[in-house]
Amino acid sequence: MSVTISVLSQKGGTGKTTTVRSLADILSRIGFDVLAIDADPQGNLSDYFDVDPEAQPTLGEVLAGQARAADAIHDGVIPANLGLAEAELVLAGKIGREVTLRNALRDVKRRYDVVIIDCPPTLGLLTVNALVASTHAILSTQAQHFSLQGVEQAMEIFNLARDTLNPELELLGVVLNIANMRTKHAKQTLEALDERFPGKVFDSVIRQSIAYAESAERAVPILDYKPDRGVDYLGLTAEVVTRLGMPERLGRLEQLRLDTLPARVLAETEPVGTL
Ligand SMILES: Nc1ncnc2c1ncn2[C@@H]1O[C@H](COP(=O)(O)OP(=O)(O)O)[C@@H](O)[C@H]1O
Ligand SMILES: [Mg+2]
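Note that numbering that gives the first Met the number 0 has the sequence shown beginning at 0, numbered continuously upward.
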């Protein structure tokens, strides 16, 4: 079974790109064939994957119909650059503009277990294309600048994609990201999310740490850069795998946890799959 997951939010800076990079890394470490897609013209995900900035073709050429998706895969990622913004503008005037990515990915999807799409910070045509091409979506919300209104805007786009073009689309979950759980605000945010999305909020909260910006700067995944910081994303991946109905993968994830986390962190945390 092949799944495609879009990670979206109503704005930038909520940890989307970091979530996509980390999930892609951990899922591939436990044996999934993973394709990541950078759907943000800023190209942050491409940088995080250390793709050559000159790499061609990119998602822009794919959406413009000038290249096949298979030819745009560079080391496990279809990268993006500023040309994607132009491709989005051109796309806007075309028939079938919302289904272009879905059609473009049809052939390559078969080769992967998981395709994971990093959405741009705006809820425009690129995000709609990502959602229409997806089986699942993960909503990322930053604790610090949380607004329920912003979450509703993201859900409007989600509902639009589902109700018009992609009835199968499922909300896989909502993740509280870049959180400082020592603050009252973060706890209140988690409560507000739980109330709005019963059963959908991931128990794994991604805590705030400078290590993520440093790992992005160095273009290495968090588990390689600071393994002890990987604990939150290992937990999130366990929940994702469980919700996708693949609990048989949890054994490998637990092994990865034992192999990568330092003893100090292992002592403080539960085995995966027990959340
Ligand atoms: N858990 C975290 N704690 C602290 N900083 C983070 C965390 N996750 C991501 N960041 C940093 O916050 C900024 C925004 O994150 P990013 O993943 O790029 O969000 P988005 O893709 O939603 O814009 C980046 O500089 C990133 O390195
Ligand atoms: Mg981003």
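Each residue gets a CB set at the ideal place from its N, CA and C atoms; glycine is no exception. Please read these numbers as outputs of a predicted model, since none were measured by experiment.
Counting only runs of at least 3 residues, the stretch 149-230 fully encloses the following beta strand (DSSP E) elements, listed from N- to C-terminal order: 169-176. In this structure, L175 and V204 form a Cβ contact; the two beta carbons are roughly 5 Å apart against a cut-off of 8 Å.
At a threshold of 8 Å, N102 does not count as near ligand 1, since its beta carbon sits no closer than that to any of the ligand's heavy atoms.
The stretch 40-49 makes no contact with the stretch 254-261, as fewer than three CB pairs between them are under 8 Å. For S5, there is no enclosing alpha helix (DSSP H); the enclosing beta strand (DSSP E) has its first and last residue at V2 to L7. For A266, the distance from the CB to the nearest heavy atom of ligand 1 is not below 8 Å.
Going by C-alpha positions, R181 is about 28 Å away from V240.
Annotation for D258: the continuous alpha helix (DSSP H) segment containing it runs L249 to T259. The C-alpha of D223 is placed about 32 Å away from the C-alpha of L122. The set of residues with a C-beta under 5 Å from any non-hydrogen atom of ligand 1 comprises G11, G12, T13, G14, K15, T16, T17, I177, I205, Q207, S208, Y211, A212 and A215, given in chain order. According to the DSSP assignment, I137 belongs to no alpha helix (DSSP H) but to the beta strand (DSSP E) extending over H135 to Q141. Distances from the CB of Q41 to the heavy atoms of ligand 2 include at least one below 8 Å. Distance from the C-beta of L7 to the nearest heavy atom of ligand 2 is not below 8 Å. Contact holds between the stretch 8-19 and the stretch 148-162, because three or more Cβ pairs, one in each stretch, are under 8 Å apart. With a threshold of 8 Å, the Cβ atom of L81 does not count as near ligand 2, since no heavy atom of the ligand is closer than that. The beta carbon of L58 sits no closer than 8 Å to any heavy atom of ligand 2. Here DSSP, grouped into helix, strand and coil, assigns L125 to helix.
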